[in-house]
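Numbering of the sequence shown is given in our numbering, commencing with residue 5 and proceeding in unit increments.
C-beta: ideal position from N, C-alpha, C; glycine also.
Written below as structure tokens is the structure these notes are about.
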Amino acid sequence: MKFIYYLVFACWYLLSLLPLRVLYVISDILFFPLFYCIKYRRPIVYKNLSSSFPEKTEAEIKKIEKDFYHFFCDYVVETIKLFSISKKQIMRRITFGGLEQVRSDLERENKKYCFLYLGHYCNWEYVASLQYWLPEIHCGQIYHPLYNKAFDRLFLKLRGQFGGDNIPMKEALRHILKLGQGDKKVMIGFIADQAPSWQAMEHWTTFLNHETAFFLGAERMGQKLDAAVYYADIKRVKRGYYHVEVKPLTLHPKELPQYRLTDMYIANLERQIREAPAYWLWSHNRWKRTKQEWLTGSWKWW
5 MKFIYYLVFA CWYLLSLLPL RVLYVISDIL FFPLFYCIKY RRPIVYKNLS SSFPEKTEAE
65 IKKIEKDFYH FFCDYVVETI KLFSISKKQI MRRITFGGLE QVRSDLEREN KKYCFLYLGH
125 YCNWEYVASL QYWLPEIHCG QIYHPLYNKA FDRLFLKLRG QFGGDNIPMK EALRHILKLG
185 QGDKKVMIGF IADQAPSWQA MEHWTTFLNH ETAFFLGAER MGQKLDAAVY YADIKRVKRG
245 YYHVEVKPLT LHPKELPQYR LTDMYIANLE RQIREAPAYW LWSHNRWKRT KQEWLTGSWK
305 WW
């Protein structure tokens, strides 16, 4: 496993030394075999798109599908670039708005913790550089360990290089409480649009024309810690450049009824996807588990 890690790291690092304009040429070349030959997850992508947007024509679905694969190839080379990207360059490539309000909110409300909801939208890997923009706040992100240990180690290195903590989901609350014992205030990012396990399914809602279950960990920890909660509204400004507007959801999560905070996140994420659908991770088999299976308990026999 160590050999695989060092081999992949060496190859990706050397590739990352190329200018992004050259890497985008590679991205353009990569699109054709990925889309037309390998057809990487194309059945899943097409099924997800057509069922999410039944009001769109076949031509519109096909265009979004192609745009997604073009962007996905860009995401790959942009992520590889992270192996050698400088602080100056990453801070040009992704900018953040709304941070003064975050600072003001935390001081005014005397908050120790703030949470940031986001999805697998645009280049979410770049958001980890938020620590550069908030040096006075201890930043971190919750992550789900990958099955492949070598790739898990690679992505941990990428996401941790900006100074923020990588926090395994199962250790989240304990780790966040430990961070809170320090002098700095704490901001934790939650990518909360993955499919939870059967045991974690509890709250179902309509999302992109599907009955969908969502993780509730951010809501529950937010209420327990009385964290200020924000949404990362990410836009692709142009190829290779992103802007994140950090928008408040609530400063008092304890005052919200159960599931309300999660529903607020879902509404923001769906709005964002509908505005520019090509930038969401459609290759993820998001709806492989259905509410009907959950209700009948058939999953218990798997």
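Check your understanding: From the DSSP output, which residues share a beta bridge with Glu215?
Key -> Locating residue 215 in the sequence shown gives position 211, counting from the first residue. Paired residues: Thr210.
Practice item. Check each candidate in Ile48, Cys118, Val26, Glu69 and name the one with the smallest Cα separation from Gly226. Key: On the sequence shown, position 222 is the one that residue 226 refers to. Among Ile48, Cys118, Val26, Glu69, the Cα nearest to that of Gly226 is on Cys118.
**Study point:** Length of the line joining the Cα atoms of Gly168 and Leu138
**Key:** The count along the sequence shown starts at 1 and reaches residue 168 at position 164. The count along the sequence shown starts at 1 and reaches residue 138 at position 134. Rounded to the nearest angstrom, the two C-alpha atoms are 10 Å apart.
Review point. For Asp32, is the classification buried or exposed, using 16 other Cβ atoms within 10 angstroms of its Cβ as the cut-off for buried?
Key: Numbered from its first residue, the sequence shown carries residue 32 at position 28. Asp32 is exposed by the Cβ-count criterion.
Exercise for review: Can you tell me which of the three DSSP states Asp169 falls into?
Suggested key: Numbered from 1 along the sequence shown, position 165 holds the residue referred to as residue 169. Note: Asp169 maps to strand in three-state DSSP.
Exercise for review: Report the option in Lys85, Lys188, Met205 whose CA atom is closest to the CA atom of Leu314.
Suggested key: What the structure shows of the chain is the stretch from 5 to 306, and residue 314 is not part of that stretch, so it cannot be assessed.
Check your understanding: DSSP on Met191, reduced to helix/strand/coil?
Key -> Reading the sequence shown from its first residue, position 187 is the one you call residue 191. The answer is strand: DSSP assigns Met191 an E or B state.
**Study point:** Terminal residues of the beta strand (DSSP E) in which Ile141 lies
**Key:** Here residue 141 corresponds to residue number 137 of the sequence shown, with the count starting at 1. 141 to 147 is the extent of the beta strand (DSSP E) around Ile141.
Practice item. Compute the beta-carbon to beta-carbon distance between His142 and Val190, rounded to the nearest angstrom, for a pair I have assumed lies under 8 Å. Key: Counting from 1 along the sequence shown, the entry for residue 142 is found at position 138. Counting from 1 along the sequence shown, the entry for residue 190 is found at position 186. Sure, about 5 Å apart at Cβ, within 8 Å.
Exercise for review: Return the chain-ordered ranges of every beta strand (DSSP E) run that is complete within the segment 88 to 113 and spans a minimum of 3 residues.
Suggested key: 98 to 101
Point to revise | Exposure of Thr210, with buried meaning 16 or more beta-carbon neighbours within 10 Å | key: The residue labelled residue 210 in the question sits at position 206 within the sequence shown. Under this definition Thr210 is an exposed residue.
Review point. Per DSSP, His247 forms a beta bridge with which residues?
Key: Translated into the one-based positions of the sequence shown, residue 247 becomes position 243. Partner(s): Thr99, Lys239.
Point to revise | Distance, Gln262 Cα to Tyr351 Cα | key: Because residue 351 is not part of the residues shown, which for the chain are 5 to 306, the question remains open.
Point to revise | Boundaries of the beta strand (DSSP E) in which Leu122 is found, first to last residue | key: Stepping through the sequence shown from its first residue, residue 122 is reached at position 118. Looking at the DSSP string, the run of the beta strand (DSSP E) that includes Leu122 is 117 to 122.
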